[in-house]
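Everything in the sequence shown is counted per my numbering, starting at -17 for the first residue and increasing by one.
Backbone N, C-alpha and C fix where the C-beta goes; we use that ideal spot for every residue, glycine too.
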Amino acid sequence: MRPNQLILASASPRRKFLLGEMGLAFTVKVANVEEDDGPHLKPNDLVLNNAILKAESVANEVPNALVLGSDTTVSLKGHIFSKPKDLNEAKQMLEALSDQWHEVYSAIALRWTNGNFKASFHEVSQVKFKALTSSRIQEYHSRVNPLDKAGAYGIQEASELIIDSIKGSFNNIMGLPTELLENQLNEHGFDFFAD
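Here it is as structure tokens:
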């Protein structure tokens, strides 16, 4: 017995893009859950908890599918930067990250209800920002919508304005640790690669 399809439990266009880049055949079913971005959690616990919430919500509705839930957050010295509420908060986030190394945590939860299969894992990458002026932040936000991104930025758009260097997986920073995911799919014999 094998799961009959792969479902991404996320509305993120970046995660859809990355799964497509991997050559996977999948459908999207957005999880209707309330994410917990509370400051009481460690960054790795936060992303794992939210990824599991999303995956289990959809897996309960579609028990024959392998459901992928994912979450990403940005952390500076243990302080979590989730999606900003408005442009003012987005500006404050980039000011705090300016000229600093910080961490990007992304987690994946895989759930297949009928196969009683559960796997959860996360990855951490480091990002160093350039020293940012107010005008540079304004220019960046005129080109990139910060409101749907943890830490108010995305590495895949206009990153030359703000990012100095990275350590670790680029895709993890973008929102999905694809190398870890591919290893897990191969390890468990889940073949969703499109013909």
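Below 8 angstroms between beta carbons: does that hold for residue i and residue j?
| i | j | result |
| --- | --- | --- |
| L114 | E77 | yes |
| V109 | I62 | no |
| F174 | L69 | no |
| N46 | N127 | no |
| H84 | V29 | no |
| R(-3) | L167 | no |
| S151 | S107 | yes |
| N153 | L(-10) | no |
| L23 | N31 | yes |
Would you grab the beta carbon distance between residue i and residue j for me? Rounded to a whole angstrom, and I think it's under 8 angstroms.
| i | j | result |
| --- | --- | --- |
| S52 | S88 | 7 angstroms |
| S102 | I34 | 6 angstroms |
| M4 | T160 | 6 angstroms |
| H172 | L48 | First, the residue type needs correcting, since residue 172 is Phe and not His in the sequence shown. 6 angstroms between Cβ atoms; contact. |
Hey, out of the options, whose CA is closest to residue i's CA?
| i | options | result |
| --- | --- | --- |
| L162 | V15, A132, L50, A37 | L50 |
| S9 | V15, S(-6), G20 | Looking at the sequence provided, one finds Thr at residue 9 rather than Ser. Looking at the Cα atoms, S(-6) is the closest of the given residues. |
| L(-12) | R93, E17, M75 | R93 |
| N96 | N42, F63, L143 | N42 |
| F111 | F99, N32, A91, E142 | E142 |
| G133 | D19, K11, N14 | D19 |
| V65 | E17, Q138, F(-1), L23 | Sequence check: residue 65 is Lys here, not Val. Among E17, Q138, F(-1), L23, the Cα nearest to that of K65 belongs to E17. |
| G136 | N14, A176, V56, L28 | V56 |
| E169 | F99, S151, E139, G150 | F99 |
| A37 | D27, V12, G60, T54 | V12 |
| E71 | I119, E139, L48, N26 | I119 |
| N165 | I90, A140, G60 | I90 |
| D27 | A176, I144, G60 | G60 |
| S80 | A176, I144, G2, K149 | I144 |
| T54 | G2, P25, A140, P21 | P25 |
| K67 | A140, Q82, K131 | K131 |
| K149 | V44, E139, V86, V40 | V86 |
When you compare the stretch 68 to 87 with the stretch 122 to 138, are there three or more beta-carbon pairs, one atom per stretch, that lie closer than 8 angstroms? yes
Could you tell me which whole alpha helix (DSSP H) segments of length 4 or greater appear in the stretch 62 to 150? 69 to 79, 116 to 125
Along the chain, which unbroken stretches of the beta strand (DSSP E) at least 3 residues long are found entirely within the stretch -10 to 68? 48 to 58, 61 to 63
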